[in-house]
Amino acid sequence: MNNYSIYENPNLPWYEDYPTSNWTAFILEIGQAHDTHSKSIAVYAIILTCLSTIVNTLLCYVILVTRELRCQPLYTCVLNFCFVNLLMGLFVNSLVVYHEMSPLWNLGPIVCKAWVILDVLLPFTSFMTLILMSIDRFFYSRFSSFYQSMKFRYQRPIYFIIPWVFGIVIVFPVWVGGFQKSPIEVAAMCVFGLVDEASIASPILVFFLPAFFLILVMIITHFFSFNKPPRASIRSVSNRSFGSSRNQSGYYAYENNFSVVTLYFVNVLFLIMWSPFHMMNLLLAMCVHCMPPYSLIVGFTYMGATASSLISFIWLTDYHIRYSLKHVICDRFKKVKNTPPNSVSLTLLEA
């Protein structure tokens with residue numbers, strides 16, 4: 001998350017009768033904190049940018065060059081998730097570095113406004129991607145036969161486009177129509193907020209309603225995936241052969257459910273890391289006099305910003321991504337080709 005559109009609370013509501021002295025004191029606190037902590041925040045933002053760029057670029061590359069992954073719609077979602085986080089690191093976090101290293105904002109109000117909107121749009125698009133993946137897993141676990149017959153699931157562009165469509169449709173009306181300038185003049189600073197109605201609607205629409213829906217889908221999917229697995233799935237697991245004497249049903253039950261666990265970890269960590277920030281936004285939108293300390297705003301903000309780098313590491317726990325990464329490294333750098341066994345399936349969460 002960027003850090004400076006009062007930012008630290010981009011959802012701060014503006015009221016014509018709100019005491020100007022409160023905002024003046026808050027702006028002065030921002031300036032003092034900027035002078036005191038700018039270097040440490042800039043270093044942290046640089047680390048986040050580097051980690052996000054390296055990890056997400058690597059994951060995108062592995063998926064794109066691995067045909068078995070590239071052809072799977074759900075790995076297209078993983079690709080989209082990593083691509084969004086890559087944009088987050090390159091454009092949002094990099095502007096944080098600029099703002100902390102520069103005493104004044106010299107990029108103009110248009111870049112400032114775009115910065116704030118991207119700060120909301122990109123995490124929300126990631127959220128929609130996780131919800132889409134969870135819904136897909138629900139249909140597979142509950143309606144396995146119908147799911148296998150659905151031709152649209154093979155249309156990978158649909159899986160890539162849907163989160164962006166939801167992001168544009170939901171975020172843009174709130175943040176373009178609800179934008180409001182500061183009630184006091186602030187020269188050479190990126191200071192924007194939302195009008196009162198939009199400041200309440202934003203955290204509800206971009207986080208709390210999707211979070212409730214995601215948790216509900218996860219619970220239902222868990223019930224059908226682990227407590228009542230489809231018979232067809234059990235039969236296919238039992239009939240596979242790995243070419244060894246180990247318990248094949250148990251081996252593949254672990255292998256095929258492992259990606260479900262990976263998705264659960266990603267979902268839960270995403271919710272945990274973004275919840276404090278949006279709770280604070282909603283509280284401030286409903287209580288205009290509840291101004292938290294600047295340090296708390298920064299802490300919650302960067303807790304969410306860290307998600308763009310940290311969560312991508314969790315995808316490496318997926319068996320097929322790890323295997324493909326190992327194969328790419330061996331093939332590209334060590335010139336060693338290691339063809340996967342025919343019995344290994346590279347379909348994400350297919351059981």
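Going by the numbering used here, the first residue of the sequence shown is number 1, and it counts up by one from there. We put the CB at the ideal spot given by N, CA and C, even for glycine.
Where C287 falls, given that 16 or more other Cβ within 10 Å makes a residue buried: exposed
With a 10 Å radius around its C-beta and 16 neighbouring C-beta atoms as the bar for buried, classify L64 as buried or exposed. Exposed.
Count the other CB atoms, across all protein chains shown, that sit within 10 Å of the CB of G193; report buried if there are 16 or more and exposed otherwise. buried
Looking at F365: is its Cβ nearer than 8 angstroms to the Cβ of V171? The structure shown does not extend to residue 365, since the chain spans only 1 to 351, so no value can be given for it.
State the start and end residues of the unbroken alpha helix (DSSP H) segment that holds M128. 108-142
Should L296 go down as buried or exposed, given a rule of 16 or more other Cβ atoms within 10 Å for buried? L296 should be labelled exposed.
Relative to the C-alpha of I135, which candidate in P109, M88, H222 has its C-alpha closest? H222
Could you check where the alpha helix (DSSP H) with C82 kicks off and where it finishes? DSSP places C82 inside the alpha helix (DSSP H), whose first and last residues are 73-87.
Name the residue from A305, H99, A211 whose alpha carbon lies nearest to the alpha carbon of M189. Out of A305, H99, A211, H99 has the C-alpha closest to the C-alpha of M189.
Consult DSSP for L194 and reduce its assignment to one of helix, strand or coil. strand
Considering W315, what are the terminal residues of the alpha helix (DSSP H) in which it resides? Premise fails: W315 is in no alpha helix (DSSP H) and is neither H nor E.
What does the alpha-carbon distance come out to for the pair D331 and S202? 46 angstroms
Check whether the region 82-99 touches the region 136-147, counting contact only when three or more Cβ pairs, one atom from each stretch, lie closer than 8 angstroms. no
Assigned secondary structure, H274 (DSSP; H/G/I helix, E/B strand, else coil): One point to set straight first is that residue 274 is Trp, not His, in the sequence displayed. The answer is helix: DSSP assigns W274 an H, G or I state.
For V174, which residues of its own chain have a beta-carbon under 6 angstroms away from its beta-carbon, when the five flanking residues on both sides are left out? Listed in chain order, the non-local C-beta contacts of V174 below 6 angstroms within the same chain comprise A198, A201, S202, local neighbours out to five positions each way being set aside.
Tell me whether the region 210-219 and the region 258-271 touch, counting them as touching only if at least three CB pairs, one residue from each stretch, are closer than 8 angstroms. The region 210-219 vs the region 258-271: in contact.
With a threshold of 8 angstroms on Cβ separation, who are the neighbours of W267 within its own chain once the five nearest residues in sequence on each side are excluded? The identity of residue 267 in the sequence shown is Asn, whereas the question assumes Trp. Counting only Cβ-Cβ distances below 8 angstroms, and skipping sequence neighbours, we find L130, S134, L214, M218.
Specify the secondary structure class of W175 as computed by DSSP and reduced to three states. Helix, per DSSP.
Just confirm the distance between the C-beta atoms of A305 and N93, as a whole number of angstroms; I'd bet it's less than 8 angstroms. A Cβ-Cβ separation of about 7 angstroms places A305 in contact with N93 under the 8 angstroms criterion.
Use the C-beta contact count for C77: other C-beta atoms within 10 angstroms, 16 or more gives buried, fewer gives exposed. buried
In chain order, what residues of the same chain have a beta carbon less than 8 angstroms from the beta carbon of F277, not counting five sequence neighbours either side? M1, F300, T301, M303, G304
Would you kindly check if the distance between the Cβ of L69 and the Cβ of Y75 is under 8 angstroms? yes
Assign S38 to one of three DSSP states: helix, strand, or coil. helix
Could you tell me the alpha carbon to alpha carbon distance between M88 and A45, rounded to whole angstroms? 11 angstroms
Range covered by the alpha helix (DSSP H) that runs through P210: 209-222 is the span of the alpha helix (DSSP H), which, as asked, contains P210.
Less than 8 angstroms between C-beta atoms, sequence neighbours within five positions excluded: which residues of the same chain meet that for Q155? P73
Closest residue to V96 among L59, L205, I41 (Cα-Cα distance): I41
What first and last residue would you give for the alpha helix (DSSP H) that runs through F91? Premise fails: F91 is in no alpha helix (DSSP H) and is neither H nor E.
Measure the alpha-carbon distance for I110 versus V116 and round it to whole angstroms. 10 angstroms
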